[in-house]
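Novice: Following this message is one structure expressed as structure tokens.
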Amino acid sequence: MTKLSAWFAFFPPFPTGELFKQLLAAGVGTAAFSVLFYVPRKYYGFCAACGAWGWLTYFVLEWAGMTVTEATFFAAAAVVFLSRLFAVMERCPATLFMIPGIFPLVPGAGIYWTAYYIVTDQMELASRTGFSAVKAAVAIVLGIIFVFEIPQSFFKRVLGKKRAGETARNQ
1 MTKLSAWFAF
11 FPPFPTGELF
21 KQLLAAGVGT
31 AAFSVLFYVP
41 RKYYGFCAAC
51 GAWGWLTYFV
61 LEWAGMTVTE
71 ATFFAAAAVV
81 FLSRLFAVME
91 RCPATLFMIP
101 GIFPLVPGAG
111 IYWTAYYIVT
121 DQMELASRTG
131 FSAVKAAVAI
141 VLGIIFVFEI
151 PQSFFKRVLG
161 KKRAGETARN
171 Q
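In full-length UniProt numbering, the protein residues as written are 1 to 171.
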């Protein structure tokens, strides 16, 4: 066994078929949420790409062994990073892509099950699922804050955009 194959033996086989289905669901769900959020029609593809990219990040990191909270943090950061790139590219607000893009990462099932366990008087399960949902929500918020601390000029530089004043002087 070579060193490389020994390293890959540490990970379980990658579920490619399952990933494709989940990416499709995340992209379509994000695009559908974009309709509800009144995103202009020309941006549906960008929103779907943000949602799918965030879910891809989450899926791969969780598969690689990260906790749900850690994977959610990095996935939220990836969504916001891509949203800010799209915002510079399309000259529109980043929230246009970020809010629908975060949609697949929101711990809605955890919140539902917490409420269910409270109503059915299963407080141990309610506290466990509720705490997990709160950790995921805080991870999303921290991922958003983390990427919004990056200056706007960085994203312009990444895309090769000049400031508006520089293009007017050069002409």
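Ideal placement from N, C-alpha and C gives every residue a C-beta, glycine not left out.
Since the model is a prediction, treat every value here as computed from it, not as a measurement.
Express the C-alpha separation of L159 and A115 in angstroms, rounding to a whole number.
Specialist: Taking the straight line from one Cα to the other gives about 45 Å.
Novice: Over the uninterrupted alpha helix (DSSP H) stretch that includes R157, give me the two end residues.
Specialist: It spans Q152 to L159 - the alpha helix (DSSP H) in which R157 sits, taken as one unbroken run.
Novice: Does residue 258 pass the burial test, meaning 16 or more other C-beta atoms within 10 Å, or should it be called exposed?
Specialist: The chain is shown only over 1 to 171; residue 258 falls outside these bounds and no answer can be derived.
Novice: Taking C-alpha atoms, which residue in A137, V138 and Y117 lies nearest to R128?
Specialist: When each option's Cα is compared against that of R128, the closest is Y117.
Novice: Ignore the nearest five residues each way along the sequence and tell me which others in L82's own chain have a CB closer than 6 Å to its CB.
Specialist: Excluding residues within five positions, the ones whose Cβ falls inside 6 Å are C50 and W53.
Novice: Of the choices I102, L85, A31 and L125, whose alpha-carbon is the least far from that of Y112?
Specialist: Out of I102, L85, A31 and L125, L125 has the C-alpha closest to the C-alpha of Y112.
Novice: With distance defined between alpha-carbon atoms, name the residue in Y44, F131, V28 and E90 nearest to K156.
Specialist: Nearest of Y44, F131, V28 and E90 to K156, Cα basis: E90.
Novice: Please report the straight-line C-alpha distance between V28 and V88, rounded to a whole angstrom.
Specialist: If you take the alpha carbons of V28 and V88, they lie about 24 Å apart.
Novice: Ignoring anything shorter than 4 residues or poking outside the stretch 54 to 109, list the alpha helix (DSSP H) runs there in chain order.
Specialist: The stretch 54 to 109 contains these whole alpha helix (DSSP H) runs: 68 to 90 and 95 to 102.
Novice: Identify the continuous alpha helix (DSSP H) that holds Q22 and give its terminal residues.
Specialist: Element bounds for Q22: T16 to L36.
Novice: Whose C-beta lies closer than 7 Å to the C-beta of A31 among residues of the same chain, with five residues either side of it excluded?
Specialist: Closer than 7 Å at Cβ, skipping near neighbours: Y44, C47 and A48.
Novice: Where does E124 sit, in a helix, a strand or coil, going by DSSP?
Specialist: Reduced to three states, the DSSP call for E124 is helix.
Novice: Have a look at I144 and A137 and give me their C-alpha separation to the nearest angstrom.
Specialist: The straight-line gap from Cα to Cα measures roughly 11 Å.
Novice: So, with DSSP's three-state summary, where would you put F39?
Specialist: This sequence places Val at residue 39; Phe is not what is there. Residue state, collapsed to three classes: coil.
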